[in-house]
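Okay, so here's the structure we're looking at.
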Amino acid sequence: MMILIGFANIALDKPIPTIRKKRMGTDDRETTITWTSDETGIHYVRLRNLTPFAEEGTSTTISVQKLDKLAEVGDVNCDGSINVVDAMFIMQYGVDMRQSSDACPSTTVDELYEDACDVNGDSTCNVVDAMFIMQCNVDIANDFCPATQ
Numbered sequence: 042m043m044i045l046i047g048f049a050n051i052a053l054d055k056p057i058p059t060i061r062k063k064r065m066g067t068d069d070r071e072t073t074i075t076w077t078s079d080e081t082g083i084h085y086v087r088l089r090n091l092t093p094f095a096e097e098g099t100s101t102t103i104s105v106q107k108l109d110k111l112a113e114v115g116d117v118n119c120d121g122s123i124n125v126v127d128a129m130f131i132m133q134y135g136v137d138m139r140q141s142s143d144a145c146p147s148t149t150v151d152e153l154y155e156d157a158c159d160v161n162g163d164s165t166c167n168v169v170d171a172m173f174i175m176q177c178n179v180d181i182a183n184d185f186c187p188a189t190q
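Here the sequence shown stands for residues 42 to 190, where the numbers follow the working numbering.
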């Protein structure tokens, strides 16, 4: 089983507040998430799931590493800016001229950082995302950059 956790702007030296989830048609399920780190700089996440059918709950400890660089949404080439080069990478990706990568920066020049690609929030990486980036670069407001400079 793979567990993916994404958090932004969280200080790793403080516990994260309890997160409560309610699923449709089921009882409340509560998940607590706590960050800790050791003296070597390795950070750990502890998830504790409390469910009605498991009185003591279950727990999982996951080792995580803090990234030195986290790309902004739209910065698919991980150069620190969002511009027409990122739009070009996305358009090339859409016609299979560029591969995706889960590393930032990518390990080869023919890859884009896929986690930064979906700028319009539709869970896809395509020419619409490239269009939003290009519009922002010529001060045309859209959902990605609602206010022009």
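Cβ coordinates follow ideal geometry from the N, Cα and C atoms, glycine included.
| Asked | Found |
| --- | --- |
| Endpoints, beta strand (DSSP E) assigned at E152 | E152 to Y154 |
| Assigned exposure category for E152 - 16 Cβ within 10 Å defines buried | buried |
| Assumed close pair N178, N118 - CB separation to whole angstroms, cut-off 8 Å | 14 Å between Cβ atoms; not a contact. |
| Close beta carbons around D127, own chain, < 7 Å, minus the five adjacent residues each side | G115, D116, V117, N118 and I174 |
| Paired residues, beta bridge with S142 - DSSP | Y154 |
| From V168, T165 and N161, residue whose alpha carbon lies closest to that of P187 | N161 |
| Straight-line Cα distance separating D180 from Y134 | 24 Å |
| Closest residue to T165 among Q176, M138, P146 and I131 (Cα-Cα distance) | I131 |
| Length of the line joining the Cα atoms of A182 and D156 | 23 Å |
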